[in-house]
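The block underneath contains the structure these notes are about, expressed in structure tokens.
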Amino acid sequence: MRIDGPREVKLIFEESVPGRTGFSLPPLDVPAVEVAEVLPEDLLRTRKPELPEVSEVDVVRHFTRLSERNHGVDSGFYPLGSCTMKYNPKINEDIAALDGFTGLHPYQPEGTVQGALRVIYELQNYLSELMGMDAFTLQPAAGAHGELTGLMLIKAYHRDRGQSDQKQEIIVPDSAHGTNPASAAMCGFKVVEVPSDERGNVDVAALKTVVSERTAGLMLTNPNTLGLFEENILEIADIIHAAGGLLYYDGANANAILGITRPGDMGFDVVHLNLHKTFAAPHGGGGPGSGPVGVKADLIPYLPVPRVQYDGEVYHLDYDHPKSIGKVKGYCGNFLVALKAYAYIRQMGSSGLRAVAENAVLNANYLLAKLQDYFDLPYRRRCMHEFVISGSRQKAHGVKTLDMAKRLLDFGVHAPTIYFPLIVEEALMIEPTETESKETMDQFITIMAQIAREAQENPEVLKQAPRNLPVRRLDEAAAARHPNLKWQGRGA
Ligand SMILES: *Cc1c(COP(=O)(O)O)cnc(C)c1O
2 MRIDGPREVK LIFEESVPGR TGFSLPPLDV PAVEVAEVLP EDLLRTRKPE LPEVSEVDVV
62 RHFTRLSERN HGVDSGFYPL GSCTMKYNPK INEDIAALDG FTGLHPYQPE GTVQGALRVI
122 YELQNYLSEL MGMDAFTLQP AAGAHGELTG LMLIKAYHRD RGQSDQKQEI IVPDSAHGTN
182 PASAAMCGFK VVEVPSDERG NVDVAALKTV VSERTAGLML TNPNTLGLFE ENILEIADII
242 HAAGGLLYYD GANANAILGI TRPGDMGFDV VHLNLHKTFA APHGGGGPGS GPVGVKADLI
302 PYLPVPRVQY DGEVYHLDYD HPKSIGKVKG YCGNFLVALK AYAYIRQMGS SGLRAVAENA
362 VLNANYLLAK LQDYFDLPYR RRCMHEFVIS GSRQKAHGVK TLDMAKRLLD FGVHAPTIYF
422 PLIVEEALMI EPTETESKET MDQFITIMAQ IAREAQENPE VLKQAPRNLP VRRLDEAAAA
482 RHPNLKWQGR GA
């Protein structure tokens with residue numbers, strides 16, 4: 002009912018009515034005890050918790066309303082570059098919801114969790130095969146956590162060779178994802194930036210000037226965040242290895258290479274993957290994620306423990322690795338996320354995964370070919386799974402990329418990633434993924450063409466967008482300076 006205008010979503014606390022409940026408990030079948038008799042006094046509450054008092058239907062409607070305000074890959078096109086918002090098949094959820102998996106406890110004896118250990122072991126092997134690495138750990142909980150783990154492995158490798166005083170620098174290209182320099186700094190390395198050249202590759206001449214005996218490693222995304230494949234990757238690998246450094250591959254978005262090429266064959270020593278991007282485990286909303294890390298044989302001794310091993314008969318947890326960096330996450334990582342990726346890989350098979358890469362690249366190139374009529378293109382090259390266009394032509398009419406991104410929301414499309422990578426002015430980074438149809442992409446092209454026309458003829462429409470969403474353009478400065486984040490209690 003909308004007796005007072007547009008449907009407003011209240012906080013669930015504001016829907017609370019004293020005494021209303023949404024549950025009923027069975028009769029007590031044990032003797033009743035006063036809490037004060039069993040708990041020490043200092044642990045007792047002094048006042049009741051302020052929980053919302055609502056019925057079941059209140060709860061269901063509240064959260065259904067909230068979910069309807071969200072945009073997800075299940076509700077519409079989501080071309081968010083560098084994030085790979087592909088459709089996540091529901092059968093993966095069904096498999097991860099099986100009682101035999103959800104009912105497990107991480108402290109169960111190994112003999113009773115052989116199936117789960119087998120999933121971990123086999124997934125590690127599949128990922129090693131796909132990436133051309135010798136071993137994988139599933140412990141890291143996200144991409145950035147995988148980066149930190151990988152850098153800790155690189156550090157342990159140099160320390161073991163008595164070179165930790167010397168090997169203090171990690172080289173990162175200026176097109177890199179922001180987590181790369183952040184992870185390197187967090188791991189105690191000095192970050193050295195290397196520029197890109199006019200084709201969008203690492204500038205090899207500039208790389209040669211920053212590489213030295215202090216180089217611990219290079220972090221590279223390939224295809225890079227411009228959606229371009231590093232044309233000189235083998236030469237880059239030689240330059241870094243000749244200086245005694247290691248190559249780290251940011252494989253968060255591996256959609257373009259599955260079954261086609263492998264970081265291990267390009268010369269990389271350490272790789273992280275995002276199962277919650279490339280391998281169809283859902284993401285957004287803050288997780289949970291999974292950022293497995295793969296290594297070449299030289300780095301296996303430093304991998305986190307426990308490692309899941311198989312002796313031909315039983316699977317077991319192996320802690321006997323004295324040079325290990327230790328644990329980076331409880332137990333074996335986010336197991337149910339890994340399980341969804343396992344189910345996905347088993348369904349796709351090797352030919353299916355190769356088709357993923359082929360279609361992801363085809364779809365991105367189709368969009369790129371069509372959109373370059375309306376937008377500036379900073380690099381005139383064939384793209385991989387994503388590409389970057391610039392809103393510089395529209396900026397001449399006083400329209401920012403942010404305005405165009407907001408306008409897309411009016412059409413039920415999630416905006417692309419904007420203002421990243423940092424080296425492209427007014428950047429829009431678009432990744433359609435392989436799961437979208439030509440019809441969906443054609444609709445998107447029509448919408449983008451209309452937005453480009455509006456930028457010329459009616460820029461106000463863009464500056465005021467979104468116009469047909471429950472929440473209009475927000476005052477972002479005020480939201481950052483005076484955030485209102487906390488329920489202040491009843492009557493506040
Ligand atoms: C998403 C992403 C990351 C970080 O992954 P999280 O799971 O969000 O920590 C790192 N690098 C690239 C290129 C990415 O796209």
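Plus 1 on top of the position in the sequence shown (first one is 1) and you've got my numbering.
Ideal Cβ positions, reconstructed from N, Cα and C, are used throughout, including at glycine.
Environment of residue i [buried if 16+ CB atoms lie within 10 Å]
i	result
A479	exposed
N469	exposed
Y108	exposed
Y320	exposed
E214	exposed
K91	exposed
E461	exposed
A33	exposed
Y284	Just to set this straight, residue 284 is His in the shown sequence, not Tyr. Buried, since its Cβ has 16 or more Cβ neighbours within 10 Å.
G116	exposed
R3	Any reading at R3 needs caution, since the residue's pLDDT is 48, under 50, leaving its predicted position unreliable; the model's value is listed next. Classification of R3: exposed, given that the 10 Å Cβ count is below 16.
D374	exposed
Cβ shell of residue i (< 7 Å), same chain only, five flanking positions each side left out
i	result
T436	K87, Y88
A358	N256, A257, I258, L259, G260, I261
Y380	R200, G201, L227, L229
S351	G260
A493	Reliability fails at A493, whose pLDDT of 48 lies under 50, so the model's placement of it is uncertain and the value that follows must be treated cautiously. No residues qualify anywhere along the chain.
S176	S197, N225, T226, L227, P422, I424
H159	S165, K168, A217
R383	N366
Pair within 9 Å by beta-carbon distance, residue i and residue j
i	j	result
A136	Q125	yes
T85	K278	yes
A361	P293	no
L128	V309	no
T113	A145	no
V120	Y345	no
P289	N225	no
E111	V306	no
G268	I237	yes
E51	G490	yes
Contacts around residue i, its chain only, beta-carbon distance under 6 Å, and the 5 residues preceding and following it disregarded
i	result
G218	I155, I171, G246, L247, Y249
K330	Q140, A142
R474	none
T418	L81, G82, S83, M430
Own chain residues within Cβ distance below 8 Å of residue i, not counting five before or after
i	result
R502	Since the first residue of the chain shown is 2 and the last is 493, residue 502 is not available in this structure.
D266	G133
Near ligand 3: residue i beta-carbon under 8 Å from a heavy atom
i	result
P264	Among the ligands in the structure shown, ligand 3 does not appear; only ligand 1 can be found there.
Helix, strand or coil at residue i [DSSP, three-state]
i	result
A282	coil
P302	helix
F137	strand
S391	strand
T216	strand
H273	strand
K191	strand
S165	coil
E477	helix
M267	helix
M2	A caution first: M2 carries a pLDDT of 45, below 50, which makes its placement in the model too unreliable to give a value.
D100	helix
D1	Examination of residue 1 is not possible in this model, given that the chain is present from 2 through 493 alone.
L238	Leu is not the amino acid found at residue 238; the sequence shown has Ala there. Residue state, collapsed to three classes: helix.
Y127	helix
A493	Only weak support exists for where A493 lies, its pLDDT of 48 falling under 50; the value from the coordinates is given anyway. A493: coil per DSSP, three-state reduction.
P53	coil
P174	strand
I419	strand
Y367	helix
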